[in-house]
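The sequence shown runs 1 to 329 under UniProt numbering.
These notes are about the structure you will find just below.
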Amino acid sequence: MSTSFLPGWQPLLEACTRHYPDQIPPMRAGSPGAHYGTRLDCVLAFRALRPVPHWLFVSAGLSDIWAASPGEDGKAGMGFELTFRLADPFAENPDSEPPRWPVNLLSKLGSYAFGYQATLEPADFIDVGAAFTEGTEIRHLGVIADPELGTVQLPGGKAQFLQLIGLTDDDLQDLMNWQPSRFLDLYQEVYPGGITHLDRTSLRGDARLRARIETGIAKESRGTEAVHAQQLRCMEWAGKLIVTLNLSTARGLVAHLERRFRIKEGFSVTGKDHEVQFAAGRKFNYQLTGNKARITLPTAALADIRAKLQTVGRHEAPTGLHWHVVEDE
Numbered sequence: 001m002s003t004s005f006l007p008g009w010q011p012l013l014e015a016c017t018r019h020y021p022d023q024i025p026p027m028r029a030g031s032p033g034a035h036y037g038t039r040l041d042c043v044l045a046f047r048a049l050r051p052v053p054h055w056l057f058v059s060a061g062l063s064d065i066w067a068a069s070p071g072e073d074g075k076a077g078m079g080f081e082l083t084f085r086l087a088d089p090f091a092e093n094p095d096s097e098p099p100r101w102p103v104n105l106l107s108k109l110g111s112y113a114f115g116y117q118a119t120l121e122p123a124d125f126i127d128v129g130a131a132f133t134e135g136t137e138i139r140h141l142g143v144i145a146d147p148e149l150g151t152v153q154l155p156g157g158k159a160q161f162l163q164l165i166g167l168t169d170d171d172l173q174d175l176m177n178w179q180p181s182r183f184l185d186l187y188q189e190v191y192p193g194g195i196t197h198l199d200r201t202s203l204r205g206d207a208r209l210r211a212r213i214e215t216g217i218a219k220e221s222r223g224t225e226a227v228h229a230q231q232l233r234c235m236e237w238a239g240k241l242i243v244t245l246n247l248s249t250a251r252g253l254v255a256h257l258e259r260r261f262r263i264k265e266g267f268s269v270t271g272k273d274h275e276v277q278f279a280a281g282r283k284f285n286y287q288l289t290g291n292k293a294r295i296t297l298p299t300a301a302l303a304d305i306r307a308k309l310q311t312v313g314r315h316e317a318p319t320g321l322h323w324h325v326v327e328d329e
């Protein structure tokens with residue numbers, strides 16, 4: 001299918017080819033779909049030689065290259081395109097071809113983004129949970145602003161190029177326990193350009209880097225583990241849990257939960273005599289033992305909880321969890 005009729009195609013292409021003028025037209029996998037919003041139109045591939053030979057893969061379609069005018073938010077489609085840089089010594093051979101699996105990876109991520117309207121931004125991470133290809137420890141992704149491509153203005157609005165960085169299991173844990181942006185900055189110090197190297201081990205495998213990571217975690221760990229509430233009480237009534245909480249603590253609760261859940265950690269609220277521990281889970285449930293409650297919440301419930309806990313009164317969110325928000329003392 002021709003791309004000449006797509007308003008955003010040429011500016012998107014030029015944003016890439018101005019850095020690789022000897023590769024016009026670039027290699028391309030896939031072809032434009034019938035319309036925006038279901039899958040990527042295609043994935044572009046470029047041969048790069050600096051700072052080390054590698055392949056650059058760029059998604060096309062998340063930014064809605066079909067649109068002729070900007071949306072209300074000024075963003076083109078989802079507002080971003082994905083890039084991925086894969087180290088490969090054979091990339092400097094003009095007869096070599098890029099591997100196929102990064103194309104499949106970007107395509108799957110694109111379909112996921114469309115299906116769930118999932119946005120990304122720098123310092124996000126993706127727990128893929130499976131090795132990308134055989135013989136590598138890389139199985140997760142971090143997100144940075146692409147240091148070369150930056151942003152592009154399309155007829156449909158502005159889009160940012162977001163680069164994916166391959167991470168090991170240990171890398172992901174360190175990223176979550178520290179601060180994602182700080183860990184990804186360190187990665188780029190070690191591997192300039194944020195290039196993914198499939199043959200590498202975790203950053204903490206190097207004693208010098210491990211020391212920097214552990215120092216960062218000790219000094220800059222994300223999120224507070226617990227807060228003390230002026231008023232806190234938990235009790236069970238007719239098979240439902242009732243949590244009494246003062247207003248200022250209630251209003252800030254979800255912000256703490258979001259930070260802690262994002263790094264797969266729990267959060268606690270303590271009072272004079274009672275304690276409530278929160279953890280992320282697939283569905284709501286609770287366990288009450290004496291004056292201590294353990295509550296498991298799906299992240300999807302947090303927005304509703306946030307909305308309900310802004311005012312004094314009795315609220316239910318999610319179903320089965322009752323909140324009694326009282327004035328601060």
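Glycine is no exception: its CB is placed at the ideal position from the N, C-alpha and C atoms.
Local Cβ density within 10 Å of residue i, reported as buried at 16 or more and exposed below that
| i | result |
| --- | --- |
| H274 | buried |
| Y187 | buried |
| Y286 | buried |
| I138 | buried |
| S248 | exposed |
| D41 | buried |
| T168 | buried |
| Q117 | exposed |
| A300 | exposed |
| K240 | exposed |
| I24 | exposed |
| K75 | buried |
| R260 | buried |
| D60 | The amino acid at residue 60 is misidentified as Asp; the sequence shows Ala. Buried is the call here. |
| W323 | buried |
Backbone secondary structure at residue i - three-state DSSP
| i | result |
| --- | --- |
| V52 | coil |
| F278 | strand |
| R139 | coil |
| Q310 | coil |
| T270 | strand |
| W101 | helix |
| G166 | strand |
| H256 | helix |
| S111 | helix |
| residue 406 | Because residue 406 is not part of the residues shown, which for the chain are 1 to 329, the question remains open. |
| V128 | coil |
| W9 | helix |
| L232 | strand |
| N177 | helix |
| T296 | strand |
| residue 336 | Residue 336 is absent from the structure shown; the chain starts at 1 and stops at 329. |
| Q188 | helix |
| R204 | helix |
| S31 | A caution first: S31 carries a pLDDT of 49, below 50, which makes its placement in the model unreliable, though a value can still be read off. S31 falls in the coil class under three-state DSSP. |
| S248 | helix |
| I263 | coil |
Proximity of residue i and residue j at Cβ, strictly below 8 angstroms
| i | j | result |
| --- | --- | --- |
| P26 | A48 | no |
| L321 | F284 | yes |
| G156 | P102 | no |
| S107 | V58 | no |
| A123 | P53 | no |
| L288 | C234 | yes |
| F125 | L175 | yes |
| L257 | L302 | yes |
| L12 | V152 | yes |
| Q230 | D328 | yes |
| R294 | Q277 | yes |
| L154 | G8 | yes |
| F132 | L164 | no |
Beta-carbon proximity list for residue i, same chain, < 6 angstroms, skipping 5 on both sides
| i | result |
| --- | --- |
| F161 | E81, T83, D146, L149 |
| A317 | D304, I305, K308 |
| S111 | R39 |
| A87 | V52, H54, I195, H197 |
| Y20 | F46 |
| S96 | F90 |
| V254 | L302, I305, R306 |
| G135 | none |
| Q10 | none |
Same chain only: Cβ atoms within 8 angstroms of residue i, ignoring 5 sequence neighbours per side
| i | result |
| --- | --- |
| G281 | T296, L297, P298 |
| T119 | M78, G79, F80, A113 |
| residue 400 | Outside the displayed range of the chain (1 to 329) lies residue 400, so it cannot be described from this structure. |
| R212 | L186 |
| R210 | L203, R204 |
| residue 330 | Examination of residue 330 is not possible in this model, given that the chain is present from 1 through 329 alone. |
| A68 | P7, P155, G156 |
| R18 | none |
Sequence-distant residues of its chain with Cβ nearer than 7 angstroms to residue i (five each side left out)
| i | result |
| --- | --- |
| G313 | V325 |
| V128 | R139, H140, L141 |
| P89 | P53 |
| residue 336 | Not covered by the structure: residue 336. The range shown for the chain is 1 to 329. |
Contact test: residue i Cβ vs the ligand COA heavy atom, cutoff 7 angstroms
| i | result |
| --- | --- |
| L62 | Ligands are entirely absent from the displayed structure, and the ligand COA is therefore not among its contents. |
message = Does the contact criterion of 3 or more C-beta pairs under 8 angstroms hold for the stretch 197-216 versus the stretch 261-268?
response = no
key: Meets three-Cβ-pair contact criterion under 8 angstroms: the stretch 187-199 and the stretch 217-232   = no
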